[in-house]
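Number of protein chains: 2
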Amino acid sequence: MIAEILSTGDEVLLGDIVDTNSGYLCERLKEMGIAVQQITAVGDSVARISHALGQIAQRADICLVTGGLGPTQDDLTATACAGAAKEELVLNPRALETMVAYFEKRGFEITLDNKKQAMLPESAGVLVNRNGTAPGFTMSLGKCGFYFMPGVPSEMKSMFEEEVKPELSDIFGLTKEIFIERLTIFGLPESRVGALLEGFDAKFPGMNLGFRAKFPFIEVKIVCPLEETAGSVKGRVETIKKVMDTAREWAISRLENKVISPRGRSLEQEVGRLLKEKKFTLAIAESCTGGLISNLITDVAGSSDYFLFSAITYSNEAKMNILKVSQNTLEDHGAVHEHTALEMALGVRKACNADWGISTTGIAGPTGGSVEKPVGTVCIGIAGPGFETAKRYTFDFGTRARNKKMFAAIALEVLRRRLMDS
Amino acid sequence: MIAEILSTGDEVLLGDIVDTNSGYLCERLKEMGIAVQQITAVGDSVARISHALGQIAQRADICLVTGGLGPTQDDLTATACAGAAKEELVLNPRALETMVAYFEKRGFEITLDNKKQAMLPESAGVLVNRNGTAPGFTMSLGKCGFYFMPGVPSEMKSMFEEEVKPELSDIFGLTKEIFIERLTIFGLPESRVGALLEGFDAKFPGMNLGFRAKFPFIEVKIVCPLEETAGSVKGRVETIKKVMDTAREWAISRLENKVISPRGRSLEQEVGRLLKEKKFTLAIAESCTGGLISNLITDVAGSSDYFLFSAITYSNEAKMNILKVSQNTLEDHGAVHEHTALEMALGVRKACNADWGISTTGIAGPTGGSVEKPVGTVCIGIAGPGFETAKRYTFDFGTRARNKKMFAAIALEVLRRRLMDS
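Residue numbers (this note's numbering), protein chains in the order written: chain A, 1 to 422; chain B, 1001 to 1422.
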């Protein structure tokens, strides 16, 4: 089957926004076993949209179209589609009905501008929009089935999930159930992750691997569509779950102990989960990471259950006054040192009677480095029940922002490993 | 002039990566006064790339192509281009020369795989790659001039800037000099910014406006290409600078006092600049923002000049012990209250003898809200030389992450306005 995507709207062609809709749809179609062959983006022009629709109709079996369904003058997709199909635009009663329902629910009266959105080509079928006013529609041009969705990502996504995906599944005998497992990896570059998982395709036919780098993490996605094969659905689901488990275990075993979550959780979620499970509280002392670790920890909803207090001590005075780092340590070894890091972790832990204290002190750059302590140097301290240690790491990832991210991830990973053993 | 972009590579069509190259090129071309009419993305297939090239050659005057120039089996662009042009691939001596130079500089020997990258269509001209091994090339198909660049963003960008842009400028009489002014705006939705600046095009012909939303900020870009007109270059530059100043002042005057930087700086950069200029130091007490403000402040290189200390006090005990918030205040008014916010700001200021202290306490959600204090409530405190106040704000931006961002921006904006007056 040949699938294509058409994205309409001037914003993308002017470089004002990046077209994330197409990437989303490619990914979802891939999960359904459908490979997209081409993506086209054109501006708000009836002639260009119409031309693109005509060319796609000659090549593709299905096409997902986004954008141009709104109430304003530059929303031209329905007009262009009617032109390409040599049909008239007519008021679609079902489309109007869904819009009236949407407005009534919110206590608004429908306006004439909005009614324009219910003008669809004669042969169009309606796709309901539960998150906005613009109805979508579906119709055939040539041998190709087109699905027209709004350009607003939230509206597009829910329409795809609720309206388009079930219809594609019915028509093409695809399943609505797709099994996905996600692994979060820290400490390996993407190329190395790919190399370690070589042989997956041969070992697990019918399943796909996807990779996504989100510095400094890599997410590996194992995807398995529920194929139409013999046997009961329940039986097939159980079989797939077993195969998925085997595939996940195989991948984890190859990834050199670098999988931080076999469920796709983030490092901060995983640390939070462990703290909650073991009923531990946490305090953080940050210097070079400047609040990033605390910000990550508190991005997790419910983190107030275990997170008590952070001290971001940029100045030596703050390190001494708040964290009780000794003046001697700072004078003898400097702010960036294992001894300082350890005293920071111990100090912050004590300051709020937390079970665990972690700390960072280092040089994120671009300036402040020396031959002995270059940019990219960080000391991580950790203190907990009957446990205290500190360690130095050095690697420069090129920018202050990336160094901060890497330093924060190392500190959280040190804590995670310790919590696993506690 | 009709310009198009062709992006090649399976990664985009599989949804593994978002095509940011095309957005970058659209934006740069727009700055040169060239509007892109269509973007096409196809996978690593000779037939599909060749088909796309053929169709674009019929429509466009210029086309920028990215991807598929590497040394591996799935790098097929040169082959596809030769096919579309009915030419042979030949070893291009100039391309080989630039590659050898690149390798020699790094002390590597060139391999056979790499030499494949110097096999280009017979009529191709070479585009030098200073940041990688794959040479780019340019050639004509039909009436259209094609520019083939690597898919790696850093290599593509430098090749565009150094090789393609100057050539486009020469051919089309465009300028190499483009004048850009950026305004950073906080406190207005994008639609409102657009509405307030309506009339710009009529008032300043030849100049363009661009908008970019980066929650919770909007960046407005004023772009003016140096046109080929009468008069000396120096004279023209001076004229343009004057017009740009006028345009910027006009835009600022329309934007209701919501421009936080007339030079495109971020809010945290602007706060840092003011603190440095006025020789003030800063301390921060965060509750609901969880370290985000500190992280933003310390993202700015050189922030150790003015930033001393932050206390992220999630627990009431930490608010009392570290910041000396009184138990009575917490019992009478709760953690989320103006009184608490003010005591936090005063407390953190005192803890490290800073000139200024700012604080946040609120409910970022998704849980923790009440009828009286719903999710989206935040109290901001500020204390400085002879000045102290606290204020409550309520608006829910839908997610914990967005609420945190908005709370942090309000706190920094309160500080910025105060510093402007100090």
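For each residue, glycine too, the CB sits at the ideal point set by N, CA and C.
Rounded to the nearest whole angstrom, the CA to CA distance from A1035/B to S169/A is 39 Å.
Around the CB of V271/A, 16 or more other CB atoms lie within 10 Å, so the residue is classed as buried.
The C-alpha of Y1393/B is placed about 27 Å away from the C-alpha of L1308/B. Counted as a single uninterrupted DSSP element, the beta strand (DSSP E) harbouring I178/A occupies residues 178-186. Ranked by how close their Cα comes to the Cα of F387/A, the residues G151/A, N257/A, S140/A, A345/A have A345/A in first place.
According to DSSP, residue pairing for P1262/B in a beta bridge does not occur.
In terms of Cα proximity to R182/A, the closest of M244/A, M156/A, Y147/A is M244/A. E1097/B sits in a helix when the DSSP states are folded into three classes. Taking a Cβ-Cβ cut-off of 8 Å, the neighbours of K1030/B in chain A comprise L14, G15, given in sequence order.
Neighbours of V42/A across chain B, judged by C-beta separation under 9 Å: Q1037, Q1038, I1039. The C-beta distance from G381/A to L342/A rounds to 4 Å, short enough to meet the 8 Å contact threshold.
Using beta-carbon distances, G1290/B counts as an interface residue toward chain A, with a partner under 7 Å.
Sequence-distant partners of R48/A (beyond 5 residues in either direction) whose C-beta falls short of 6 Å from its own C-beta, in its chain, are V42. Here E1198/B is exposed, its C-beta having fewer than 16 other C-beta atoms within 10 Å. In its chain, beyond the 5 residues on either side, E1031, I1180, N1208 have a beta carbon closer than 6 Å to the beta carbon of V1223/B. Beta-bridge pairing by DSSP links G1125/B to T1138/B.
Of the candidates F215/A, V220/A, T111/A, V90/A, F215/A places its Cα closest to the Cα of A409/A. Listed along chain B, the residues sitting closer than 7 Å to V18/A by beta-carbon distance are V1018, T1020, G1023.
Inter-residue distance for G1362/B and S303/A is about 14 Å (C-alpha atoms, whole angstroms). Under DSSP, Q1038/B shares a beta bridge with V42/A, E1004/B. One Cα belongs to A195/A, the other to L1006/B, and the distance between them is close to 29 Å. Annotation: the stretch 63-96 of chain A contains the following complete segments of the alpha helix (DSSP H) (minimum length 4 residues), in chain order: 77-85. Rounded to whole angstroms, the gap between the alpha carbons of H333/A and I252/A is 41 Å.
For the stretch 321-349 of chain A, the set of residues with a beta-carbon nearer than 8 Å to any beta-carbon of chain B comprises N321, I322, in chain order.
A direct Cα-to-Cα measurement between N1131/B and L1091/B gives close to 21 Å.
Taking 8 Å as the upper bound for CB-CB distance, T79/A and V65/A are not in contact here, some 13 Å apart.
Closest by C-alpha distance to T98/A, out of A84/A, K115/A, A85/A, is K115/A. Taking the Cα positions, G1365/B is about 42 Å away from T1008/B. Against chain A, a Cβ distance below 9 Å from P1366/B picks out A301.
Around Q269/A, the same chain offers V300 as residues with beta carbons nearer than 6 Å, after the five sequence neighbours per side are excluded.
Distances from the CA of I1358/B to each of H1337/B, G1151/B, I1293/B were compared; the closest alpha carbon is that of I1293/B. The Cβ of G210/A sits closer than 7 Å to at least one Cβ of chain B. Listed by position along chain B, the residues whose Cβ is nearer than 9 Å to that of Y147/A form an empty set, because the closest Cβ is around 17 Å away.
If you compare the alpha carbons of K279/A, P153/A, I218/A with that of G264/A, the shortest gap goes to I218/A. Contact between M159/A and L127/A holds: their C-beta atoms lie close to 6 Å from each other, under 8 Å. Cβ neighbours of R1254/B within its own chain (closer than 8 Å, five residues either side excluded): L1196, L1197.
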